[in-house]
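Take 25 as the starting number for the sequence shown in the numbering used here and just add one per residue.
To start, the structure itself, in structure tokens.
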Amino acid sequence: MITTPKVALVTGATQGLGLALVEGLAARMAPQDTVYLTGRDVDRVTQAVGAMPGGGAQVRGELLDVADPEAAGRLAARLRERHQGVDIVFNNAVMRVGPDDDPRRIVDAYTEVNNFGTTRMLRAFAPLLRDGGRLIVVASSLGRLHHLPAELHDRFDGLTSLDEVDEQVAAWRDAVKDGSARAGAWPGFVNIPSKIGQVAAVRALAGRRRERDTERGILLAAVCPGMMNTPTSALWWDVGDAPSPAEAARALLNLALDPVDPAHYGELVRDGQVLPWSPTARTRTATSQ
């Protein structure tokens, strides 16, 4: 039986978890398949591709800065022309923030990558998914309403479009910039509202695509890789005993390559378990219906 070669893409893939995802995909996919390693610096992309172990799928580099409003769409158009579709997309690009960073100074760049970059990728690549495809947003267990005061839950709960998500993220961003967020109920750690915005984006798009995606065996989900031993995490926490990016990538690769569990669709998943979006929702296991 002749099968169509598969195509995978990882954003933010020149280091850390993104690089580990590319390596893991290439190792587990077939020689006729292609994995795109993307990043915003051409030299780092070239070096990362050159350092890939041999065997498995072909790894190709592509320049992609998700903070550029047009970049995701341009790359999606190129891959449509080359391959007529994609099978696996990991939205992993992230701007990291340290304890000494002033949120008011970095929030513009931070949201352009982490939030608007996410919705740009969802808009550009969801239409390219082939039957059985996976579109996975790397987020965090912080991306749940549990970590917001109840008075702010309606900002992100029940959103029905990516435009609505962008509007709420922009409103929070502007409140950080003018200082009103600090005076109000918003958490001071910008990672919390940002991750909630990412998960809200997945939920909003899933609400529109669920029926058709279910028929086609497509998975759209957010994923929490857990704490990792990386230099950035070490600025905030003791990560001496935390998994390496390669170890953390295993559960994400299983989500991308193993048979789809319908319970995962539109949800935030960690180690095969669906994490509840709100404090009133029940935790579901991967086999729950």
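Ideal placement from N, C-alpha and C gives every residue a C-beta, glycine not left out.
- Tyrosine 134 sits in a helix when the DSSP states are folded into three classes.
- Glycine 231 sits close to threonine 184, with the two beta carbons spaced by under 8 Å.
- Look at the beta carbons and you see the region 242-250 touching the region 275-282: at least three pairs across the two are nearer than 8 Å.
- One alpha carbon belongs to valine 200, the other to serine 302, and they sit about 24 Å apart.
- Residue pairing by DSSP places glutamine 56 opposite no residue, since no beta bridge is assigned to it.
- Using a 10 angstroms sphere on the CB of threonine 143, the tally of other CB atoms reaches 16 or more, which defines it as buried.
- Using a C-beta cut-off of 8 Å, the region 98-117 makes no contact with the region 68-81, since fewer than three inter-stretch Cβ pairs fall below that distance.
- Isoleucine 112 has Ala32, Arg158 as its beta-bridge partners, per DSSP.
- Short of 7 Å from the beta carbon of arginine 206, and not among the five residues preceding or following it, lie these beta carbons of its own chain, in chain order: Gly212.
- Of all C-beta pairs linking the region 44-61 to the region 78-86, three or more are shorter than 8 Å, placing the two stretches in contact.
- In the three-state DSSP reduction, valine 46 falls in the helix class (H, G or I).
- If only uninterrupted alpha helix (DSSP H) runs of at least 4 residues are considered, those enclosed by the region 78-130 are 95-107.
- Annotation: proline 127 to proline 217 spans about 12 Å, alpha carbon to alpha carbon.
- Note on geometry: alpha-carbon atoms of arginine 129 and leucine 41 lie some 26 Å from one another.
- With fewer than 16 other Cβ atoms from the protein chains shown falling within 10 Å of its own Cβ, glutamine 56 counts as exposed.
- Annotation for valine 66: the continuous alpha helix (DSSP H) segment containing it runs 66-74.
- Bridge pairing for glycine 167: absent [DSSP].
- Taking a 10 Å sphere around the C-beta of aspartate 190, we find 16 or more other C-beta atoms and assign the residue as buried.
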